[in-house]
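In my numbering, the protein residues as written are 383 to 873. Below is one structure, written out as structure tokens; the observations come after it.
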Ligand SMILES: Cc1cc2nc3c(=O)[nH]c(=O)nc-3n(C[C@H](O)[C@H](O)[C@H](O)COP(=O)(O)OP(=O)(O)OC[C@H]3O[C@@H](n4cnc5c(N)ncnc54)[C@H](O)[C@@H]3O)c2cc1C
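As structure tokens, this is what we get:
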């Protein structure tokens with residue numbers, strides 16, 4: 383609120399206030415229990431925002447895309463762990479549903495926002511600290527990776543995080559602890575508030591079962607207030623984006639296959655491919671990174687013979703490289719994920735689907751509609767490192783594989799169902815071709831999955847059984863399963 387007052391003139395504030403009140407009073411029908419709960423939360427020494435405050439509208443719509451916006455009865459934005467410890471049992475007793483938001487980058491409705499319940503906004507949890515001696519970074523979930531990388535870079539360090547600077551830390555680290563950036567697995571020890579208000583610490587030494595569960599269990603156990611990640615020394619890197627014409631997708635995918643097939647894969651090299659058949663101006667982006675200041679490393683040699691439209695690869699700072707992969711904001715968004723093992727013949731079928739699928743045509747026909755495919759190579763080291771650092775919760779198989787994500791964007795709420803169905807249908811097509819030679823892997827990557835995909839169900843029976851055991855121990859009343867409707871739930 384103070385910040386708003388400093389930024390805008392009083393006249394503007396009253397206009398926003400009147401407009402937002404007009405929208406809100408017609409939109410929200412609050413139950414008496416949520417009204418009562420919000421009144422209780424307001425009496426605490428903390429920061430609770432109700433719908434008659436100007437900043438409510440700003441916070442309600444803070445999620446990255448409109449599909450994720452909600453209409454919470456109130457927004458609870460604690461500053462201290464102790465405030466959360468008092469409030470959470472109150473919320474649980476009231477039986478009012480709630481949502482947890484850190485960066486708010488999940489595009490799915492209800493995942494990090496609420497309709498009629500309480501939205502717990504973790505934006506004030508922004509602690510950032512580096513212990514160089516132990517090589518550990520302590521990070522608040524309310525930060526974005528841009529904040530984290532910029533801070534660590536001033537010490538010439540880095541952590542394994544997201545590929546886009548403005549993406550939120552909390553959901554990503556909780557979701558999977560993984561990143562496409564290197565094959566190293568991010569270590570995370572956490573402070574977490576349980577449903578009864580108690581605080582637990584989970585790491586490879588303490589509460590190891592909970593730590594294991596958090597490496598993929600999403601928001602099913604508690605609210606994370608602080609994370610510790612392994613930090614690695616990093617100076618300048620070589621990297622950037624090579625752009626190719628969409629017609630060259632078959633040769634780019636051949637090069638990708640060759641890159642992925644290297645007998646001794648260079649652990650300093652990684653890449654991601656983003657391509658869109660609906661937008662000629664996007665074409666194909668191959669974003670390459672080599673974690674040493676070495677020009678044109680051999681790891682990417684399969685790509686060097688293909689004509690580029692533009693090429694920004696150079697020796698640069700890590701944050702300069704990350705800034706190039708900026709993704710514009712969209713109005714409405716959905717994405718779908720699928721995984722399969724490395725296979726040259728399958729990649730040819732997938733090129734055909736990316737370019738010619740009827741789902742692509744459908745997206746193109748919608749107002750502002752388009753679809754992109756993101757191709758992410760995952761090596762056996764990811765599963766190996768994950769196992770070595772607390773266990774393989776995701777049930778990853780130790781083979782070279784690709785995690786493919788289709789992202790659909792569009793403008794109109796009326797097209798939500800059509801866009802979601804287009805995502806479902808293109809995944810079905812990929813499933814069909816990947817099953818032909820047994821290349822399909824059931825694993826679904828949480829951070830790229832659509833709301834309707836059974837992410838945790840894809841981790842394998844034994845892992846699901848263990849996750850339920852951990853739930854029994856840390857959330858015996860299944861509060862996070864029952865009262866937090868958003869997010870990927872235990873099956
Ligand atoms: C442009 C863009 C690029 C992306 N790039 C990557 C990438 O490179 N790698 C990758 O892995 N993912 C990527 N993602 C996906 C992104 O990591 C996920 O959407 C992630 O959930 C975002 O984290 P967040 O803090 O913004 O989560 P939010 O959107 O705030 O929340 C997402 C989920 O996490 C839960 N949650 C959030 N905070 C907490 C908490 N403190 N305690 C308990 N539960 C919590 C919420 O309940 C919700 O279910 C990208 C997303 C976007 C929009």
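Note that CB positions come from ideal geometry on N, CA and C, so glycine has one too.
Residue i, DSSP secondary structure in three states
i, result
"residue 438", "helix"
"residue 689", "coil"
"residue 722", "strand"
"residue 711", "coil"
"residue 585", "coil"
"residue 799", "helix"
"residue 730", "helix"
"residue 808", "helix"
"residue 867", "coil"
"residue 518", "strand"
"residue 860", "coil"
"residue 737", "helix"
"residue 818", "helix"
"residue 540", "strand"
"residue 550", "strand"
"residue 756", "strand"
"residue 682", "helix"
"residue 833", "coil"
"residue 697", "strand"
"residue 717", "strand"
"residue 497", "strand"
Residue j beta carbon less than 8 Å from that of residue i
i, j, result
"residue 785", "residue 749", "no"
"residue 501", "residue 613", "no"
"residue 510", "residue 497", "no"
"residue 447", "residue 752", "no"
"residue 763", "residue 649", "yes"
"residue 665", "residue 691", "yes"
"residue 724", "residue 799", "no"
"residue 871", "residue 838", "yes"
"residue 495", "residue 450", "yes"
"residue 592", "residue 551", "no"
Terminal residues of the beta strand (DSSP E) in which residue i lies
i, result
"residue 533", "Looking at the DSSP string, residue 533 is not in any beta strand (DSSP E); the run it does join, the alpha helix (DSSP H), is 527-535."
"residue 783", "783-792"
"residue 500", "500-503"
"residue 511", "510-513"
"residue 651", "651-658"
"residue 432", "430-432"
"residue 458", "456-458"
"residue 480", "480-483"
Residue i, enclosing alpha helix (DSSP H) - first and last residue
i, result
"residue 768", "762-770"
"residue 668", "It is not in any alpha helix (DSSP H) - residue 668 instead sits in the beta strand (DSSP E) that spans 665-672."
"residue 850", "843-856"
"residue 475", "463-476"
"residue 608", "Here residue 608 belongs to no alpha helix (DSSP H); instead the beta strand (DSSP E) covers 605-612."
"residue 576", "Segment: none, residue 576 is in no alpha helix (DSSP H) and carries neither H nor E."
"residue 744", "740-747"
"residue 705", "700-706"
Margin query: Across the region 446-465 and the region 839-850, are there enough close Cβ pairs to call them in contact, namely three or more that are closer than 8 Å?
Written below: With a cut-off of 8 Å, the region 839-850 and the region 446-465 do not count as touching, because too few Cβ pairs lie within range.
Note to self: Would you call the region 683-690 in contact with the region 625-638, where contact means no fewer than 3 C-beta pairs closer than 8 Å?
What the structure shows: Yes: the two stretches touch, three or more of their Cβ pairs being nearer than 8 Å.
Margin query: Below 8 Å, how does it come out for the region 720-737 and the region 807-819: are there three or more Cβ pairs, yes or no?
Written below: Contact holds: three or more Cβ-Cβ distances are below 8 Å.
Checklist line | Entirely enclosed beta strand (DSSP E) segments - the region 617-646, minimum 3 residues | finding: You should have 619-626.
Check: With contact counted as at least three CB pairs below 8 Å, one residue from each stretch, are the region 602-610 and the region 671-682 in contact?
Finding: No, the region 602-610 does not touch the region 671-682.
Notebook entry, point to check: Can at least three beta-carbon pairs, one atom from the region 763-773 and one from the region 665-678, be found at a separation below 8 Å?
Noted result: They do not touch, by the three-pair rule.
Notebook entry, point to check: Counting pairs of beta carbons, one from the region 736-744 and one from the region 478-486, are three or more of them closer than 8 Å?
Noted result: No, they do not touch.
Notebook entry, point to check: Are there three or more Cβ pairs, one per stretch, closer than 8 Å when the region 530-550 is compared with the region 697-713?
Noted result: The answer is yes - the region 697-713 touches the region 530-550, with three or more Cβ pairs under 8 Å.
Check: Given 8 Å as the limit, is there contact between the region 822-832 and the region 775-783, that is, 3 or more CB pairs closer than that?
Finding: Because the criterion of three Cβ pairs below 8 Å is met, the region 822-832 and the region 775-783 touch.
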